[in-house]
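What follows is the structure, encoded as structure tokens:
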């Protein structure tokens, strides 16, 4: 990106160990849009998100479109729409399956007081994961009028063989343009 194209990252609410995590993808998207609009009040908007963040930027794009704003590009990095991936018949998914043989991006910058014990940080991060998991199950994407650029890995760990993965990660069901 050149100097004329700034890049901003947004910190997920709740990672500070003090404020409560937001409970829905729609609420997270609305909160993020408030921050984005302090820097850029009007479009066109360039949005990108990884995994769960992809669901959030998808929802942000839908909310912006509803407000009459233009989305220049919507990029999803390995984000699945509901039903974009499902377990093969007879298979059982265990919580550690996703980590088996794969590079995991689980790095978050968490600001906590120095006196905080590691177990407190772990408990807080578990709370955030639980809230996000519930938000993911409850999320129902709205139709998006435009194209989506989807990036995903060409190789996955062996446990992904337990899954049936839609090549477009389920997004074609919600996107009017190309994926």
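In my numbering, the protein residues as written are 57 to 235.
Virtual Cβ for every residue (Gly too), placed ideally from N, Cα, C.
Bear in mind that the values here come from a model prediction, so they are computed numbers and not experimental data.
Checklist entry - Quick one: complete alpha helix (DSSP H) runs, 4+ long, within the region 60 to 123? => result Within the region 60 to 123, the complete alpha helix (DSSP H) runs of at least 4 residues are 81 to 95 and 108 to 122.
Item to check | Start-to-end residues for the beta strand (DSSP E) that takes in residue 128 | outcome: It spans 127 to 133 - the beta strand (DSSP E) in which residue 128 sits, taken as one unbroken run.
Checklist entry - What residues match up with residue 200 in a beta bridge as DSSP calls it? => result In the DSSP assignment, the residues bridged to residue 200 are 231.
Next on the checklist: Bridge partners for residue 206 per DSSP, in chain order?
Outcome noted: Answer by DSSP bridge pairing, in chain order: 132.
Item to check | Pick from 137, 181, 201 and 102 that is closest to residue 75, judged by C-alpha positions | outcome: The shortest C-alpha separation from residue 75 is found at 181.
Next on the checklist: Which residue marks the beginning of the beta strand (DSSP E) containing residue 224, and which one marks its end?
Outcome noted: Per DSSP, residue 224 belongs to no beta strand (DSSP E) and is neither H nor E.
Item to check | residue 148 - DSSP class collapsed to helix/strand/coil | outcome: Correct three-state label for residue 148: coil.
Item to check | residue 232 versus residue 107: straight-line alpha-carbon distance, rounded | outcome: Taking the straight line from one Cα to the other gives about 21 Å.
Next on the checklist: Comparing C-alpha positions only, which one of 212, 193, 68 and 119 sits nearest to residue 99?
Outcome noted: Answer by Cα proximity: 119.
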